[in-house]
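A short write-up of the structure that comes next.
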Amino acid sequence: MTANEKVPLLDLVTPHRELEDELVAVFRSSLRTAGFIGGSMVGNFEREFARFCDAGFCVGVGSGTDALRFALMAVGIGPGESVVTVPHTFIATTEAISQAGATPEFVDIDERTCTIDPAKLQDFLENHCDLDPKTKQPISRRTKRAVTAIVPVHLYGQCADMDSIFELAQRYRLAVVEDACQAHGAEYFSKKEKCWKRAGSMGHAAAFSFYPGKNLGACGEAGAVTTNDLKIAEKIRMLRDHGQSKKYYHDMEGYNGRLDAIQAGILGTKLKYLGEWNEKRRTIATTYHEMLEVLGDQIHLPEEPAWGKSVYHLFVIRTEKRDDLQQYLKDAGIGTGIHYPIPLHVQRAYRLLTYQQGDFPVSERIASEILSLPMYPQLGFDEQKYVAEKIEKFFSANPGAKLPSGLLAAQSD
Ligand SMILES: *Cc1c(COP(=O)(O)O)cnc(C)c1O
118 MTANEKVPLL
128 DLVTPHRELE
138 DELVAVFRSS
148 LRTAGFIGGS
158 MVGNFEREFA
168 RFCDAGFCVG
178 VGSGTDALRF
188 ALMAVGIGPG
198 ESVVTVPHTF
208 IATTEAISQA
218 GATPEFVDID
228 ERTCTIDPAK
238 LQDFLENHCD
248 LDPKTKQPIS
258 RRTKRAVTAI
268 VPVHLYGQCA
278 DMDSIFELAQ
288 RYRLAVVEDA
298 CQAHGAEYFS
308 KKEKCWKRAG
318 SMGHAAAFSF
328 YPGKNLGACG
338 EAGAVTTNDL
348 KIAEKIRMLR
358 DHGQSKKYYH
368 DMEGYNGRLD
378 AIQAGILGTK
388 LKYLGEWNEK
398 RRTIATTYHE
408 MLEVLGDQIH
418 LPEEPAWGKS
428 VYHLFVIRTE
438 KRDDLQQYLK
448 DAGIGTGIHY
458 PIPLHVQRAY
468 RLLTYQQGDF
478 PVSERIASEI
488 LSLPMYPQLG
498 FDEQKYVAEK
508 IEKFFSANPG
518 AKLPSGLLAA
528 QSD
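Following the numbering used here, the residues of the sequence shown are numbered contiguously, the last one being 530.
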């Protein structure tokens, strides 16, 4: 937050002020027992977070990136394999794939949900892979590697279309690791199972980040893996702690990837408020919709498919005049963000993957149109009204900023 900012993109000061006494008490109890690593604060938080996610197990780790890497390794992903994900995500998703020894392989997103497009995933598996006659595993024609897993990213707080993903995953024997780093508490209605499911309870494993700005944030770095599979949970417990099955008995090499006790205590304290905070985010999203509806097709507001309950980690609008609008709002003291401006397949870090501009047109177009508006549970009605008024003012001074037709295709289900 800068000094002249009237409405920041994110306010991390107020919630910590509100909980200061509780949070300081966590720190004090940790100091007085010198319980910094492991212990009951970690175990308690893991139990509570598993329950929150409707998952069987939770293993606390050092960050969301650790969580993704350990989850992939624990489900058996390793060198020589290809793992499918989207180019429209934070780089940690693909870093974890590479660090597990595999190669990222991209499939474009659905522009309505900004998550992986199941039709394109199907096209990739059917038309861009050959089945290994022996193992029946799809082999990517690009990488010549066996495709062994999918990492759907529940971006902006919205679940990916998991029924369709699981159908393909089963057909092609792929592991599914949810990147739930932006989706603590998000829900998905499974038509197959006829019930709502929580992010983190669906895949073979799921990764959460507790980076301070996430819906549930630590006062530092932290993350967790959830899973319903005891074996996967046990493997991750070893991976995070130097491969130890017990102290100084190393069954394999692992990492230093544990969750700090102080962070676990802080997360446990904040977890009690997460449901309420997520509800506030949803209310704020509804209010944005009501306030910005008048702009018609000049901007595109986030869509919530019937099968999803988003927890609005971010509220992302789209307009062709994104850069001008962002500058206009900045001049009016309104903080915004772009999540993310450059798709991963055209990042320098991935030039060795030899993808090209044009390979993933939806991700590429969206990257130039998206703008994240202020979104946090403590955002007040008047502040929100100020944001909406400034956006309306921008468009009345810059009319005709319509999105290309076809972009607003009605949601079919
Ligand atoms: C934040 C985030 C991560 C990484 O989490 P860290 O805790 O920062 O390591 C991974 N994937 C997505 C989609 C994220 O938003």
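All C-beta atoms, glycine included, are put in the ideal place defined by N, C-alpha and C.
Taking C-alpha atoms, which residue in the options lies nearest to residue i?
i, options, result
"residue 400", "417, 432, 231, 413", "432"
"residue 295", "252, 146, 202", "202"
"residue 139", "277, 271, 388, 428", "388"
"residue 404", "302, 497, 442", "497"
"residue 458", "218, 325, 480", "480"
"residue 429", "312, 508, 395, 439", "395"
"residue 378", "168, 336, 437, 190", "336"
"residue 321", "349, 393, 359", "349"
"residue 450", "258, 478, 491, 175", "491"
"residue 487", "454, 500, 495", "454"
"residue 368", "393, 476, 353, 380", "353"
"residue 511", "162, 255, 438", "438"
"residue 469", "222, 127, 176, 160", "222"
"residue 410", "502, 329, 423", "502"
"residue 184", "506, 260, 216", "216"
"residue 360", "257, 190, 424", "190"
"residue 300", "325, 290, 308", "325"
"residue 132", "390, 188, 162, 200", "390"
"residue 385", "159, 172, 141", "159"
"residue 178", "421, 516, 485, 355", "355"
"residue 516", "172, 471, 483, 441", "441"
"residue 397", "282, 152, 427, 188", "427"
For residue i, does the count of other Cβ atoms within 10 angstroms reach 16, so buried, or fall short, so exposed?
i, result
"residue 148", "exposed"
"residue 157", "exposed"
"residue 287", "exposed"
"residue 130", "exposed"
"residue 513", "exposed"
"residue 362", "exposed"
"residue 186", "buried"
"residue 240", "exposed"
"residue 312", "exposed"
"residue 331", "buried"
"residue 154", "exposed"
"residue 253", "exposed"
"residue 204", "buried"
"residue 206", "buried"
"residue 248", "exposed"
"residue 471", "exposed"
"residue 145", "exposed"
Tell me residue i's beta-bridge partners as DSSP assigns them.
i, result
"residue 296", "270, 324"
"residue 361", "367"
"residue 314", "305"
"residue 248", "255"
"residue 166", "In the DSSP output, where bridge partners are listed per residue, residue 166 has none listed."
"residue 373", "358"
"residue 435", "417, 487"
"residue 227", "232"
"residue 505", "None; residue 505 has no bridge partner."
"residue 341", "177, 325"
"residue 454", "489"
"residue 220", "199"
"residue 263", "198, 256"
"residue 154", "377"
"residue 425", "305"
"residue 124", "451"
Checklist entry - Are there three or more Cβ pairs, one per stretch, closer than 8 Å when the region 312 to 325 is compared with the region 337 to 344? => result yes
Checklist entry - Are the region 416 to 430 and the region 464 to 477 touching by the rule of at least three beta carbon pairs closer than 8 Å? => result no
Checklist entry - For the 8 Å Cβ check, are there 3 or more pairs between the region 441 to 448 and the region 294 to 312? => result no
Item to check | Three-pair Cβ contact test at 8 Å for the region 201 to 215 versus the region 370 to 385 | outcome: no
Checklist entry - Does the region 266 to 273 come close enough to the region 232 to 250 to have 3 or more Cβ pairs within less than 8 Å? => result yes
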